[in-house]
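The block underneath contains the structure these notes are about, expressed in structure tokens.
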Amino acid sequence: MNAVETSPSLSGALERMDLAVSGMTCAACARRVERTLSELEGVQECSVNFATRKASVVFDAKTTSVNALTEAVASAGYQAEVPKSEGASEADSAEEKGLRRRLAVAVLFGLPVVVLAMSHGALDFPGSNWVQLLLTLPVIAYSGAPIFKAAWAALRHRSADMNVLVALGTGTAFLYSVVATGWPTLGASGEHAGHGDHGAALPVYFEAAAAVIGFVLLGRFLESRARTRAGDAIRRLQALAPANATVLRDGVEREVSLSQVRVGDEVVVRPGQSIPVDGSVVDGASSVDESMLTGESLPVGKTAGAEVFAGTMNGTGRLVFRAAKVGTDTALQQIVQVVERAQGTKAPIARLADVVSGVFTPVVLLIAIATFAAWFVLAPEETRLTMAVLNTVAVLVIACPCALGLATPAALMVGMGRGAQLGVLVKSAASLEGASHIDTVVLDKTGTLTQGRPAVVRIITSGAMTEQDVLALTAGAESGSEHPLARAVVAEAVARGLKVGKPESFTATPGHGVEAMVDGRRVFVGSRRMMERHGVSGSAEAEQALTSDGQTPVLVAVDGTWVGAIGIADAEREEAASAMQALRNMGMHVVMLTGDHEGPASRVARKLGIDRVFAGVLPEGKAHVVRTLQAEGRKVAMVGDGINDAPALAQADLGVAMGTGTDVARDAAGVALLRSDLRGLPAALGLARSTMGVIRQNLFWAFLYNALGIPVAAGLLYGMTGWLLSPMLASLAMSLSSVSVLLNSLRLRSLRLPAAQSVA
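Numbering (UniProt numbering) for the sequence shown: 1 to 760.
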């Protein structure tokens, strides 16, 4: 995707850029990159996502440049570049391979060291300490090189992160052991507790240094694998478009890469192939599966002039279409871009984690110093140095800001990707969090709860003729009229398979109705005034029944006798009733808002089980209704088409726009339903609740882990239980803490919402 754009929503020379940042290993790294970019002149907004390894920057192109941004990141000790969409998975793969190699070396050389140390003297032999030193060196020098390099970069920039903690912990254990190997009796007296005792010789802890680095690498390897899986939803969406396309140039079909397709090219799609770009058909006929955009499982017929969209699947016919939108302008790529950008935003709930991550490392360093001092002063003289070193190392390596840093973005990344698969496009993390608090849903009637066009909903007959006969004669009389009600009658007759004849004569009286000769019979269609004008009676009761139900009555008389009445209304969407029931099951207060009269509005509300209705509301008054509900203490979601309802969408705590994937990127609403299906609404709210639930779980366990782990590592329980935490176990716990957060977030990949249907 194109990482730099000038958006209509950005004023003047402001541009938005997504930078791929490498070298970040914890939340503190992300904060340092974010702070560095934010302080750069010309940068208006900046958000760095540790889970996606991306920085989203809004900057003034007149003041700063792409090179200035990348140089600023480099000055902070990291690398940044404009990402290429096709290289994203390759970068993830390269990271995994590098971690796998370093982890393999750590296991190969570190495992014998751990075995020797854990034998408690059973495997000791002359020169055992020197062998452990030689085996640990490759682990420190090769496997741990990125950790020490990142720690040095952080310290050079007067900062501290998790790498500093690990480097200090492993470096302290390693250097202490080197001294103990070269000068075994230096400063020692009496018996030493612990393994590796040889009279007055100092014990060595090479296994702690090797194991800590091994477990850190294991955690990062598992984390990398989990992050790759977390982005699967977006990759599957991107994969819907083929890598190549067949274009007609100079009358010859040529296969070119997708990036070489230009606007105006004639593109050929054969049966069973994916459509590569957006365009309009110029030749051929086929049916296309557009479920990835519309959610409709039935294929859509395509002939000359019809629009086609990238990522949809051609059926059995050959199509030639002219490319209209290519690259990042296609509907598919617009969806992908919106999701990726949303994944890079921050939810308000993440603020506490950001604050804690910012002071985490300095606080841990102070705790480590206090731990060393306390043990050195309070422990027995013969063991105070080793006890102080071991517990200090344990404190340094168990502390993990990574879990805090991943808690929110990991869940957002997976949840938003899953939402795109379910036809729910969330524009920002703040919108997702806001959606989780919604307790009231306001829906516009026309076009949202209803189909947005008149339709026949009921036919009452006098008994002299059947429904079918009444409808057929009425449709024949109305077939020459362009009135919306007339077209609704004709459409119903055609849908029922009735023969609609042509009138032999036709006269329309404005405000009254029509008079026509159909199959040799004189047919009157219209209002009561039309009937009274021709002396027709007997329709009052049927008219009252239809009117009281919110329908517009169309009275029908044949040869001077009333034969029936047709009720016409804006029919409800097929899925509206089930969607409203799903909302009520979630505890939502459902409100209908419409500019229509109270009668039709009440009819729709009764059928759908909506208790509260605001009828006769003008477009400019819809926002006032939303404010009224908010004044009652409600958290309101407004659902509309994103255009006519714009003021109300903006006023609501959450704006939800209904539409197709072709225009969703232009909607101002916080959430957009990619398909014109109301069942996506409870799906969106359910997705928000589930995602925020996972985020809260992640934050709870991340805080609890550090709140309990650091005091235990410092030896707080030693006086009561005699428990001490070895550096090896501390490093294992640290590694698994961030992995557990990612695994918990990955549960959202298989999220099932009853009102939604996955397409990828």
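Where is the CB? At the ideal position from N, CA and C, for every residue including glycine.
### Message
Measuring only the C-alpha atoms, how far is A714 from K346?
### Response
Looking at the two C-alpha atoms, the distance is approximately 33 angstroms.
### Query
Beta-carbon separation of E223 and S602 under 8 angstroms?
No. Outside cutoff.
### Query
Between the C-alpha atoms of L396 and A28, what's the straight-line distance to the nearest angstrom?
Roughly 15 angstroms separates the two Cα atoms.
### Query
Are the CB atoms of P454 and L485 nearer to each other than 8 angstroms?
Yes, the Cβ-Cβ distance between P454 and L485 is below 8 angstroms.
#### Entry: DSSP state of I349 mapped onto helix, strand, coil
It is helical.
### Query
What residues in its chain sit with their C-beta under 7 angstroms from that of G199, if we drop five residues either side in the sequence?
Caution is warranted here: a pLDDT of 43 is assigned to G199, below 50, making its placement in the model unreliable, and no coordinate value can be reported.
### Query
For M17, is the classification buried or exposed, using 16 other Cβ atoms within 10 angstroms of its Cβ as the cut-off for buried?
Looking at its Cβ environment, which holds 16 or more other Cβ atoms inside 10 Å, M17 is buried.
### Query
Between the beta-carbon of A605 and the beta-carbon of V613, is there less than 8 angstroms?
In this structure, V613 lies closer than 8 angstroms to A605 by Cβ.
#### Entry: Where Q273 falls: helix, strand or coil (DSSP)
Three-state result, Q273: coil.
### Message
Please report the straight-line C-alpha distance between L742 and H483, rounded to a whole angstrom.
### Response
Approximately 59 angstroms, taken between the alpha carbons.
#### Entry: Beta-carbon proximity check, V393 vs P727, cutoff 8 angstroms
Yes, these two residues count as a Cβ contact at 8 angstroms.
### Query
Leaving out the 5 sequence neighbours to the left and right, which residues in its chain are closer than 6 angstroms to S177 when beta-carbon positions are compared?
By the criterion of a C-beta distance shorter than 6 angstroms, S177 is surrounded in its chain by V204, Y205, F206, once the five residues flanking it on both sides are discounted.
### Query
What number of angstroms, rounded off, separates the C-alpha of Q468 from the C-alpha of A545?
When rounded, the distance between both Cα atoms is 20 angstroms.
### Message
Distance check for T52 and G219, CA to CA, integer angstroms please.
### Response
Taking the straight line joining both Cα atoms gives about 17 angstroms.
### Query
What do you get for H589, buried or exposed, if any count of 16 or more other CB atoms within 10 angstroms of its CB means buried?
Classification of H589: buried, given that the 10 Å Cβ count is 16 or more.
### Message
Could you compute how far the alpha carbon of F700 sits from the alpha carbon of R573?
### Response
R573 has its alpha-carbon roughly 42 angstroms from the corresponding atom of F700.
### Task
Determine, using beta carbons only, whether A211 and G110 come nearer to each other than 8 angstroms.
Contact: yes.
### Query
So, A516 versus F506, is the Cβ gap smaller than 8 angstroms?
With respect to F506, A516 sits close: the two C-beta atoms are nearer than 8 angstroms.
### Message
Tell me which residues share the same chain as T36 and place their Cβ nearer than 8 angstroms to its Cβ, disregarding the 5 neighbours each side in the sequence.
### Response
Correct list, in chain order: A72, V73, S75, A76.
### Query
Helix or strand or just coil, what does DSSP make of A193?
Below a pLDDT of 50, predicted positions are generally treated as unreliable, and A193, at 39, falls in that range; no measurement from the model is reported.
### Message
Taking the alpha-carbon of T408 as reference, which of P380, L746, R322, T64 has the nearest alpha-carbon?
### Response
The option with the nearest alpha carbon to T408 is L746.
### Task
Can you grab the Cα-Cα spacing for the pair L716 / G609, in whole Å?
Spanning the alpha carbons of L716 and G609 requires a straight line of approximately 60 angstroms.
### Query
Nearest CA to the CA of T691: which residue from D570, G415, A508, S731?
The shortest Cα separation from T691 among D570, G415, A508, S731 belongs to G415.
### Message
Using 8 angstroms for Cβ pairs, my map puts N163 next to A151. What's the rounded Cβ distance?
### Response
Taking 8 angstroms as the upper bound for CB-CB distance, N163 and A151 are in contact here, some 4 angstroms apart.
### Task
Could you check what DSSP says for C26 in three-state terms: helix, strand or coil?
In the three-state reduction of the DSSP assignment, C26 falls in the coil class.
### Query
Is DSSP giving I568 helix, strand or coil here?
Assignment of I568 by DSSP, reduced to helix, strand and coil, places it in the strand class.
### Query
Apart from the five residues just before and just after G87, which ones in its own chain have a Cβ nearer than 6 angstroms to its Cβ?
Residue placement at G87 is flagged as unreliable, the pLDDT there being 47, under the threshold of 50; the coordinate-derived value follows with that caveat. The answer is none, since no qualifying residue turns up.
#### Entry: Other residues of its chain near V457: CB distance less than 8 angstroms, five sequence neighbours each side excluded
For V457, where only same-chain residues beyond five positions count, the Cβ hits under 8 angstroms are Q551, G567, I568, A569, A571.
### Distance, K607 Cα to D444 Cα
The straight-line gap from Cα to Cα measures roughly 15 angstroms.
#### Entry: Straight-line gap, W375 to L133 (C-alpha atoms, nearest Å)
W375 and L133 have their C-alpha atoms spaced approximately 26 angstroms apart.
### Query
Between the C-alpha atoms of R749 and A672, what's the straight-line distance to the nearest angstrom?
Rounded to the nearest angstrom, the two C-alpha atoms are 20 angstroms apart.
### Query
Shortest alpha-carbon distance to T561 belongs to which of S548, H534, S735, N698?
The residue with the shortest Cα to Cα distance from T561 is H534.
### Message
Let me make sure I understand the geometry here. Which of T228, T466, V105, K62 has the alpha-carbon closest to that of S93?
### Response
The alpha carbon of S93 has as its nearest neighbour, out of T228, T466, V105, K62, the alpha carbon of T228.
### CA-to-CA distance, V626 to V261, given in whole angstroms
V261 and V626: Cα-Cα distance of roughly 46 angstroms.
### Task
Mind checking which residues open and close the alpha helix (DSSP H) that includes G680?
First-last of the alpha helix (DSSP H) with G680: 680-714.
### Query
Do V500 and V514 have their C-beta atoms closer together than 8 angstroms?
Cβ atoms of V500 and V514: not closer than 8 angstroms.
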